[in-house]
Amino acid sequence: MLLIVAKTKMSIDGILNVNKPEGKTSFNVVAWLRHATGEKHVGHAGTLDPIATGVLPICFGQGTRVVQFLTDSSKVYLAQIELGVATKTFDRQGGIIQRADPSGISVAQIEEALAAFQGTIEQVPPIYSALKHYGRRCYELARAGIPIKLKPRQVEISSLQLASCRLPLVTVRVECGGGTYVRSLAHDLGQRLGCGAHLSGLVRLRCGPFRIEDALSAPQVEDAVKRGDWKGLLHAVDSPLL
Numbered sequence: 006m007l008l009i010v011a012k013t014k015m016s017i018d019g020i021l022n023v024n025k026p027e028g029k030t031s032f033n034v035v036a037w038l039r040h041a042t043g044e045k046h047v048g049h050a051g052t053l054d055p056i057a058t059g060v061l062p063i064c065f066g067q068g069t070r071v072v073q074f075l076t077d078s079s080k081v082y083l084a085q086i087e088l089g090v091a092t093k094t095f096d097r098q099g100g101i102i103q104r105a106d107p108s109g110i111s112v113a114q115i116e117e118a119l120a121a122f123q124g125t126i127e128q129v130p131p132i133y134s135a136l137k138h139y140g141r142r143c144y145e146l147a148r149a150g151i152p153i154k155l156k157p158r159q160v161e162i163s164s165l166q167l168a169s170c171r172l173p174l175v176t177v178r179v180e181c182g183g184g185t186y187v188r189s190l191a192h193d194l195g196q197r198l199g200c201g202a203h204l205s206g207l208v209r210l211r212c213g214p215f216r217i218e219d220a221l222s223a224p225q226v227e228d229a230v231k232r233g234d235w236k237g238l239l240h241a242v243d244s245p246l247l
């Protein structure tokens, strides 16, 4: 009897803490790593918009099982918000829908407004988002000019700290739970101050246990892949649970 043994590739399991570069989508990073490493089972936890940088956990193999856990985990951001200009997308990439002069707004007024968003709040997501509305992505409907109204969702913002203020720009450190849109926070802050605002920059400092101090840049990951020792950079699958 002839015994035929099929060769199977060993699955690579783990989590790579990547510092996402600006201008790339989270899916761009996943697609790049799939191609570079040859691994098929790759996913990311906690989507970052193209304008954002910072911690993006990339999960391989069995690591994809903790994607939802990481997506729902607490996160820390450093958000740059421009007062005086509101946009359709709530960030700097959208068309302008409101302008106002924010020069008369004081630091005390900004801190008072921020305090109103701390704790468990109701937040309306941006219509330009990947959320689904009756089976279609919201951004697809918005780009097609189809009016949609999203319901507010309960989110948890445990800490909001004004890090700097050089009008029209303010920088805010945000610690929040999963599902929070910092773009919506920036927009809502502008509405509360009466001048409009949008998110002009965003850095994710932490996602669950993964910190930006330990995150690998794209060139660092690329060099490791070329050397063939990138697997040694992976965190254990259960590391987010410890």
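Using the working numbering, the letters of the sequence shown map in sequence onto residues 6 to 247.
Idealized CB from N, CA, C, for every residue including glycine.
> Excluding five sequence neighbours on each side, which residues of the same chain lie with their C-beta closer than 7 Å to the C-beta of Q98?
Replying inline: Taking the sequence shown and counting its residues from 1, one reaches residue 98 at position 93. Hits under 7 Å: I56.
- Task: Could you spell out the range, first to last residue, of the alpha helix (DSSP H) harbouring G195?
- Result: The sequence position of residue 195 within the sequence shown is 190, counting from 1. Segment 187-198, the alpha helix (DSSP H) holding G195.
message = For P245, tell me which candidate among T30, R70, V35 has the shortest Cα-Cα distance.
response = If you number the sequence shown from 1, residue 245 lands on position 240. It is R70.
(message) Here's the rule: buried if 16 or more other CB atoms are within 10 angstroms of the residue's CB, otherwise exposed. What is R148?
(response) Translated into positions along the sequence shown, residue 148 becomes position 143. Classification for R148: exposed.
Round the Cβ separation of V160 and I126 to the nearest angstrom and send it over; I've been treating them as touching at under 8 Å. For the purposes of this step, residue 160 is identified with residue 155 of the sequence shown, where counting begins at 1. For the purposes of this step, residue 126 is identified with residue 121 of the sequence shown, where counting begins at 1. Indeed they touch by this definition, with Cβ atoms about 6 Å apart.
How is F95 classed by DSSP in three states: helix, strand or coil?
For the purposes of this step, residue 95 is identified with residue 90 of the sequence shown, where counting begins at 1. Coil at F95, not helix or strand.
Exercise for review: Note down, in chain order, each residue of its chain lying with its Cβ closer than 6 Å to the Cβ of A202, except the 5 sequence neighbours on either side.
Suggested key: One-based indexing of the sequence shown puts residue 202 at position 197. Correct list, in chain order: I86, L88, A191, L194, G195.
- Spell out the partners DSSP gives E211 in its beta bridges. In the sequence shown, counting from the first residue as 1, residue 211 sits at position 206. One point to set straight first is that residue 211 is Arg, not Glu, in the sequence displayed. According to DSSP, which records beta bridges pairwise, R211 is partnered with V81, R216.
Spell out a yes or no on whether the stretch 181-191 and the stretch 75-84 are touching, meaning 3 or more CB-CB pairs, one atom from each, closer than 8 Å. They touch, by the three-pair rule.
Q | Beta-carbon proximity check, T248 vs A50, cutoff 9 Å | A | Because the chain spans 6 through 247 in this model, residue 248 falls outside it and cannot be assessed.
By Cβ distance, which residues of its chain are closer than 7 Å to F215, with the 5 residues on each side in sequence left out? Position 210 of the sequence shown, counted from the first residue, corresponds to residue 215. Taking F215 as the centre and dropping the five residues before and after it, the same chain places the C-beta of N22, V60, P62 closer than 7 Å to its C-beta, in chain order.
> Counting pairs of Cβ atoms below 8 Å between the stretch 223-240 and the stretch 104-122, do you hit three or more?
Replying inline: The stretch 223-240, when compared against the stretch 104-122, does not touch it at the 8 Å Cβ threshold.
Could you give the DSSP three-state label for L247: helix, strand or coil? Here residue 247 refers to the residue found at position 242 when the sequence shown is read from its first residue. Coil.
ask   = Applying the criterion that 16 or more other CB atoms from any shown protein chain within 10 Å of the CB defines a buried residue, is K156 buried or exposed?
value = Within the sequence shown, residue 156 is the residue found at index 151, counting from 1. Looking at its Cβ environment, which holds fewer than 16 other Cβ atoms inside 10 Å, K156 is exposed.
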